[in-house]
Structures are given as structure tokens and as C-alpha cells.
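Notes follow once the structure below has been shown.
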Amino acid sequence: MLRRPLSRAARKEERTAWVFLLPWFVGMAGVTLGPMIASLYFSMTDYNLLSSPKWVGFENYGKMLDDPRLRQSLSVTFIYVVLSVPLLLAVALALAMVLNRGIKGLAFYRSVYYLPSLLGASVAVGILWRQVFGTDGLVNKFLGLFGVDGPGWISNPDTALYSLVILHVWTFGSSMVIFLAGLRQIPEQYYEAAALDGAGRLHQFRHVTLPLLTPIIFFNLVLQVISSFQSFTQAFVVSGGTGGPSDSTLFYSLYLYDEGFGRLHMGYASAMAWLLVVIVGFLTAINFYFSKRWVFYGDGK
Amino acid sequence: MLIAFGLVMVYPLLWMIASSIKPDALIFRDPSLLPTKTDFGHYSEGWSALSHPFGVYLLNSAIVVLGALLGNLVSCSMAAYAFARLKFRGRPFFFGMMMLTLMVPVYVLIIPQYVMYSKIEWVNTFLPLIVPKFLATDAFFIFLMVQFFRGLPTELDEAAKIDGAGYWRIYFRILLPISLPALATTAIFTFIWTWNDFLSQLIYLTKPELQTAPVALRNYVDATSGASWGSLFAMSVVTLIPVFIVFLVGQRYLVKGIATTGMK
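Residue numbers (my numbering), protein chains in the order written: chain A, 32 to 332; chain B, 25 to 288.
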């Protein structure tokens with residue numbers, strides 16, 4: 032199409048659009064893009080906020096290669112994501128399926144299951160968790176009923192991370208609501224047709240529900256991986272800000288915070304932030320790559 | 025089955041509420057929900073346990089939340105109107121850019137932002153937590169409103185235009201009033217996320233008189249080092265009450281909001 036000069040009305044519309052977008056432009060430049068560029072620059076400097084940044088090139092990135100705490104924080108975070116995300120999605124999907132059968136009091140159950148996902152990120156719940164999984168917390172009280180003498184889950188480096196995994200799975204409600212909305216979209220006729228062909232419940236799930244739901248599972252998966260890789264508050268609260276015991280809950284974000292704001296290694300922390308960008312981007316790309324094998328789009332795309 | 029599972033889910037929360045009105049000695053001995061002895065003293069004790077009454081922290085949280093809420097409603101709806109309804113050069117490019125910012129991890133931004141805000145002496149003010157919200161930095165809400173605006177018939181705008189209404193009038197008098205559900209969803213999510221937010225409030229508000237409720241609560245853990253769980257739980261309950269109320273009032277919008285955009 033030929034580019035025609037804009038008419039007067041079109042020019043007015045365009046001017047109005049810029050005015051409406053003005054706050055966004057200022058924010059984009061000043062609060063997002065500008066800081067991103069600055070972060071890239073800081074990542075190649077030695078900077079402690081008090082004196083001016085000193086250029087060191089790729090030294091910070093090199094340092095990351097043999098930083099044992101960085102390796103520890105990566106492995107903690109990976110374990111956390113790999114355990115909690117699939118578990119969370121499985122629980123969310125299972126409950127969405129049960130709730131979708133048209134039981135009485137759906138709204139009530141949905142609320143009860145959804146509530147923890149709103150509260151889960153709060154400091155108050157972190158404090159509660161410290162207690163529930165503490166030496167004489169609720170979990171051990173419950174195990175005590177069966178004569179099991181549970182350890183102090185939070186204070187034991189072998190188990191502390193799992194209490195955070197459980198906390199994350201506890202917040203499955205928001206994913207469940209997305210699954211519920213997806214299940215509603217599956218036409219009843221598909222099930223009827225499958226039943227006519229003699230497919231049982233399990234078959235229907237395997238061959239009707241699951242394939243049609245894969246786009247939503249995929250969507251949830253991508254979102255959950257991105258967000259849980261960046262979890263901060265609960266590890267901070269449960270470990271008292273240290274990532275302990277013995278770095279067993281040292282999430283990547285917690286280590287980054289500690290380097291940047293605890294020790295004022297702003298340059299190193301910025302380099303860590305860019306590694307995080309690469310990792311999150313890479314995980315998302317992997318997800319998209321493998322999605323071709325298992326995600327089914329009804330329209331053949 | 026469903027009831028049992030639901031009970032397990034909310035048991036910790038109920039237990040926390042029950043524990044906040046139990047005498048300290050009973051909290052760990054008696055895991056039941058109905059306290060045999062009640063003691064509301066934890067609430068007054070916790071309220072005045074830190075250097076300022078807990079009300080100060082709640083008020084600080086309220087200021088931050090209300091500022092963020094107003095900012096998001098105004099700036100995101102303006103940007104969304106332009107993206108959804110107005111034609112301008114580069115629209116697909118800028119829209120794509122906006123969507124990309126959804127993926128940027130906050131950790132890339134917090135350090136340079138902190139440096140910037142400390143240079144202009146905004147640290148230990150509410151400004152770093154509020155001003156960016158007036159600059160439409162929460163792209164998620166722009167996206168949510170763009171989706172909503174796109175679902176509205178353009179005939180509305182055209183009819184108004186024929187009647188001689190300008191763009192501002194269409195935005196204020198036509199789009200905003202019928203977009204109440206999207207605005208409500210934005211308001212509710214902004215409220216809950218900002219109220220629960222910890223990291224940025226931890227970084228920017230270090231003076232005790234400026235601290236928000238989550239930060240104060242966190243400091244309370246250190247201050248008591250586990251001595252008085254009753255009052256710690258009491259204040260935890262206090263900080264959860266606003267979220268719970270918003271949840272009860274806004275459930276409808278929350279469920280719809282996450283179902284259409286897929287966020288928590």
C-alpha cells in the first residue's frame with residue numbers, strides 16, 4: 032500500500048494518542064529501558080553506590096563461574112522450580128477436574144482453594160510457615176498422632192527447601208481457576224461422542240480433556256516457571272533473610288539481594304540479574320520449543 | 025473428600041487465628057482450633073511492641089496501596105485506550121515493546137532504579153513506590169484493559185464521534201464507565217499485590233516511621249525471636265485482614281480477571 036500523507040483528522044488522532052501514551056513513554060524510558068541499560072553498564076563495573084562505578088569489563092561474569100554460593104543458589108532454585116511447578120499444576124488440574132463435574136457449592140470450594148494463592152506471597156504466611164514446619168509446629172503435631180517424631184523441618188538443611196516447595200504448591204488456586212475456565216470451553220459433544228464410541232472416564236480424560244487442555248497447561252507452565260524462578264519473599268521470611276540453614280534455601284533472588292543490598296556489590300548483583308534474564312529467557316524458549324511436541328491447538332496451528 | 029482437602033488447605037490459617045487468641049503456653053500444646061482459654065491480650069501487646077504503634081505501619085501500607093491504585097487506574101487505562109482505540113504510527117511496535125516488558129525480571133531493574141532514586145533522594149519517601157505507577161509501568165494491567173476495550177463495540181465510539189464528542193470525552197464518558205469490571209479487577213489486583221509486596225518496600229523504606237506493615241512484621245520476628253508467637257500471630261492476622269476483605273468483596277472480578285488474562 033502506498034503511504035499517503037495523513038489527513039487532518041488522522042493527524043489529530045495521532046496527536047491524541049501520543050498524549051494518552053505520554054505517561055507510558057516516560058515510564059518506559061525512565062523506569063524500564065533506562066535502568067535496563069544502566070544495569071547492563073553496572074554489570075561491567077565495580078560499584079558500591081558510594082564511590083563512582085569502576086569499569087572492569089566482563090570480570091563480574093567471570094567471577095560468577097567460580098562462585099560456589101552462586102552455584103548453590105542456582106541449584107536450590109532449580110530444585111524448587113522443578114519440584115514445585117509440576118506438583119502445583121497437577122494438583123490444580125486435578126481439583127479443577129473434580130470441581131468441573133458440577134458439584135454443589137462450586138463457588139464455595141473455588142474460594143477456599145483460591146484464597147491461599149492470594150495470601151501466599153505475604154510476610155504473614157511466611158511467618159506462619161516457619162511455625163507450621165517448626166520443631167513443635169503443626170506438621171509435627173500431626174505426625175505425632177501416628178507416633179512419628181518429626182524433625183524441625185525449617186531448621187534442618189535437608190528439609191528446609193521442601194517446606195518452601197509445599198508453600199508454593201499450597202498456592203495452586205490461581206492456576207486452578209485458569210484450568211476451570213479452560214475446562215468450561217470444551218464442548219460437551221466431544222465427551223458424548225467419546226462415550227458413544229465406548230470410551231471410559233480414563234479414556235475420555237486421556238484423549239479428549241488432556242489434548243484440548245494442553246494450550247492452557249502450557250500457558251500455566253510458562254507463567255509458573257518464570258514467576259517461581261524469581262521467588263523471594265517466602266525464602267527471605269522463612270530463613271530469616273539468610274537463605275539458611277547452610278544456604279539450603281538460598282534462592283537466586285535472595286543471593287542477588289544479599290550481594291546488591293547487603294554487601295553493596297552492585298556491579299556483581301547486576302551481572303547476576305542479567306544471568307537471570309538469560310536463564311528465564313532460555314527456560315521460556317525451551318518451553319516453547321518442546322511445546323510443539325505436546326501442545327495441541329484445535330485450529331491446526 | 026473435597027471438604028477434607030479444603031480443611032487441610034485452610035487449617036494453618038485458622039490455626040493462626042486461633043493461636044492469636046490463645047495464651048502463649050497453649051499455642052503449641054494444643055493444636056485445636058477452638059481455644060479452651062481465650063486471651064485477646066496478644067493484640068494489644070503486638071500493636072505496641074515495635075518502636076511505633078502498629079497502626080502507623082498499616083497507615084503507611086495504606087498510603088502506598090492507594091497511591092499505586094490511583095496511579096495504575098489512571099495511567100494504564102490511558103495507555104490502553106491509545107493502544108486499543110487510536111491509530112498512530114508504530115502502534116504494533118510499541119505494543120510489542122509493552123508486552124515484552126512483562127517478561128523482564130524485576131531484579132534487572134531494582135539495582136539501577138535504587139541508584140537513581142537514591143541520587144534524587146527519594147529513598148525513605150513513598151515516591152519510588154507510587155510515582156512509577158502513574159507512569160504505566162505495570163504492563164500487565166495495560167494488557168488487561170486493552171483486552172477489555174477490544175471487546176467493546178467500536179460503534180459506541182463512532183456514534184459519539186458523530187455527536188461531536190472528542191477523544192477525551194469518549195474516553196471519560198463512554199469507555200471508562202462501561203469498563204468498570206476491568207477497572208475493578210485492576211484495582212483489586214493492585215491492592216492485593218501492593219499490600220503483600222515486600223522487596224521494594226524493604227529496600228526503599230528503612231526509617232521505622234515509614235515502614236509498611238509487611239516490613240514491620242518481618243522486623244517483629246527478629247525483635248521477638250520466637251518469644252511471643254501469640255502477638256506475632258495477632259499482628260500477622262491484622263495484616264491479612266485487608267486482603268481477606270478485598271477478596272470477599274472482589275471475588276467475582278478476581279476469578280474473571282485471572283480466567284481471562286491468566287495471572288495470579
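Beta carbons are placed, not taken as given, at the ideal position from N, Cα and C, and that holds for glycine.
Here the structure is a predicted model, which is why all the values come from computation and not from measurement.
Item, Value
"Distance, residue 45 of chain A Cα to residue 136 of chain B Cα", "33 Å"
"Residue 267 of chain B at chain A interface by Cβ criterion, 8 Å", "yes"
"Close-in-space but distant-in-sequence residues of the same chain around residue 331 of chain A (CB under 8 Å, 5 per side omitted)", "Model confidence at residue 331 of chain A stands at a pLDDT of 47, short of 50, so the residue's coordinates are unreliable; what they give is reported in the following sentence. Closer than 8 Å at the Cβ level, and outside the excluded window around residue 331 of chain A, lies no residue."
"Rounded C-alpha distance that separates residue 33 of chain B from residue 26 of chain B", "10 Å"
"Chain A within 8 Å of residue 201 of chain B, Cβ atoms only", "no"
"Distance CB(residue 75 of chain A)-CB(residue 86 of chain A) smaller than 8 Å", "yes"
"Span of the alpha helix (DSSP H), counted from its first residue to its last, around residue 39 of chain A", "39 to 58"
"Any chain A beta carbon closer than 8 Å to residue 271 of chain B", "yes"
"Chain-order list of residues whose beta-carbon lies under 8 Å from that of residue 176 of chain B (same chain, five-residue window excluded)", "199, 202, 203"
"Own chain partners of residue 172 of chain B with C-beta closer than 7 Å, once the 5 adjacent residues on each side are dropped", "203, 206"
"Residue-level contact to chain A via CB, residue 169 of chain B, 8 Å cutoff", "no"
"Three-state secondary structure assigned by DSSP to residue 48 of chain B", "helix"
"Three-state secondary structure (DSSP) of residue 86 of chain A", "strand"
"Distance, residue 228 of chain A Cα to residue 132 of chain A Cα", "21 Å"
"Unbroken alpha helix (DSSP H) run spanning residue 220 of chain B, endpoints", "204 to 220"
"Through-space distance from residue 66 of chain A to residue 107 of chain B, alpha-carbon basis", "24 Å"
"Residue 325 of chain A classed as buried or exposed, judged by whether at least 16 other C-beta atoms fall within 10 angstroms", "exposed"
"For residue 336 of chain A, the three-state DSSP class (helix, strand or coil)", "With chain A running from 32 to 332 in the structure shown, residue 336 of chain A is simply not present."
"Alpha carbon of residue 321 of chain A to alpha carbon of residue 246 of chain A, nearest angstrom", "12 Å"
"Within chain A, partners of residue 59 of chain B - CB distance below 9 Å", "Within 9 Å Cβ-Cβ: nothing; residue 59 of chain B doesn't reach chain A, min ~15 Å."
"Nearest candidate by alpha-carbon position, reference residue 328 of chain A, set A:307, A:248, A:302", "A:248"
"Alpha carbon of residue 252 of chain B to alpha carbon of residue 260 of chain B, nearest angstrom", "13 Å"
"Spatially closest choice to residue 125 of chain B from B:214, B:166, B:73, by CA coordinates", "B:166"
"Chain B contact for residue 323 of chain A (CB, 8 Å cutoff)", "no"
"Cβ distance (whole Å) where residue 307 of chain A is taken to contact residue 131 of chain B below 8 Å", "6 Å"
"Exposure of residue 116 of chain A, with buried meaning 16 or more beta-carbon neighbours within 10 Å", "buried"
"One or two residues paired with residue 77 of chain A in a DSSP bridge", "A:85"
"Positions along the stretch 142 to 174 of chain A whose CB lies within less than 7 Å of some CB in chain B", "142, 143, 144, 146, 147, 148, 149, 150, 152, 153, 154, 155, 158, 159, 162, 163, 167, 169, 172"
"Counted within 10 angstroms of its Cβ, other Cβ atoms place residue 180 of chain A as buried (16 or more) or exposed", "exposed"
"3-residue-minimum beta strand (DSSP E) runs that sit fully inside the stretch 217 to 277 of chain A, ordered along the chain", "none"
"Residues of its chain near residue 277 of chain B, where Cβ-Cβ distance is below 8 Å and the 5 sequence neighbours each way are ignored", "205, 208, 209, 212"
"Three or more C-beta pairs below 8 Å linking the stretch 263 to 276 of chain B and the stretch 214 to 234 of chain B", "yes"
"Any chain B beta carbon closer than 8 Å to residue 86 of chain A", "no"
"Beta carbon of residue 62 of chain B nearer than 8 Å to that of residue 45 of chain B", "yes"
"Proximity test, Cβ basis, 8 Å: residue 70 of chain A and chain B", "yes"
"is_contact[residue 44 of chain A, chain B] using C-beta, thresh 8 Å", "yes"
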